[in-house]
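*Asks:* Here it is, the structure, as C-alpha cells.
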Amino acid sequence: MNLFLDVRRPDRDAVSRLLVDLDAKYPNGLDWLQRRLDDIEAGRARLCQLMNGAELVALGIQTPKGPHRLKLSTFMVAASSRRAGLGRTLIEAMRRQWLSDEIEQVTVTVDELDRNTVRFFQRHGFVRVPRARARYAAGRADLVLCWRAEHDAGPPRDRVAPLGAIPRLTDPPDR
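Every number in the numbering used here is 4 more than the matching position in the sequence shown, counting from 1.
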C-alpha cells in the first residue's frame, strides 16, 4: 500500500469509479465531485489516497472551512478492501497531518442510518454535534460529527512530512 497525503493531480476516472454511487446518495453528487476535483487541482482542497499498486482503494477529500478548520467532504474505502484497516490507516495519517498543520477542528457528515460509519469516526475521536443535522436528500438525515485537536489523545506519533514540505491547507493556494 502506498499513502499519498497531498495529491494535486487526481486521477478523475479512478476517483469516479471509487465513488460510483455518489449520485444515488446525494443529488448531483457527481457534478459536486468534479467541482471538488477542480478545487484539489487549484490547491483549494486536499486529496489523500491509499493505492494498492495502480488501484485506488481509499480516499479522503478535505476542504478548508476557515482558519484552522476543515470539512472532511468525502471519505471512502473500496468495498472490496473494507475490514482490512485501510480506513484506520487513512484517517490516522490525516489526523497526524491535521495536528502537524495546527488544524483545530474537522467536521464530517454521516448518514444517521449508517451506524458502522458513525462508529468508525467516533472511534477516531469524532463526536456528535448536538442538534446539528445536514439534509442532502428528501428522507435522509446526516449527523454532523466533529474532531477537535484539543480533545485529541496526544501529539502526532510521527510527522507525515517535514514541516513545510507540503503546503498546509490553511496556506493560500499558489497562483
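Yeah, the Cβ is synthetic: ideal placement off N, Cα and C, and Gly gets one too.
A quick note: this is a predicted structure, and the numbers were derived from the prediction, not measured.
Go ahead and label Ala-145 buried or exposed: buried means 16 or more other beta carbons lie within 10 angstroms of its beta carbon, across all protein chains shown.
*Replies:* exposed
*Asks:* Say whether the segment 94-114 touches the segment 61-70, bearing in mind that this needs 3 or more beta-carbon pairs closer than 8 Å, one atom from each stretch.
*Replies:* yes
*Asks:* What are the boundary residues of the beta strand (DSSP E) that includes Asn-6?
*Replies:* 6-11
*Asks:* Helix, strand or coil: how does DSSP classify Lys-75 here?
*Replies:* strand
*Asks:* Tell me, to the nearest whole angstrom, how far the beta carbon of Ala-82 is from that of Leu-22; I am working on the premise that it is less than 8 Å.
*Replies:* 6 Å
*Asks:* In the DSSP assignment, find the unbroken beta strand (DSSP E) run with Asp-115 in it and report its ends.
*Replies:* 109-115
*Asks:* Per DSSP, what kind of secondary structure is Arg-87 in: helix, strand or coil?
*Replies:* Note: Arg-87 maps to coil in three-state DSSP.
*Asks:* Could you check which residue in Ala-28, Thr-93 and Asn-32 has the C-alpha nearest to that of Cys-52?
*Replies:* The shortest C-alpha separation from Cys-52 is found at Thr-93.
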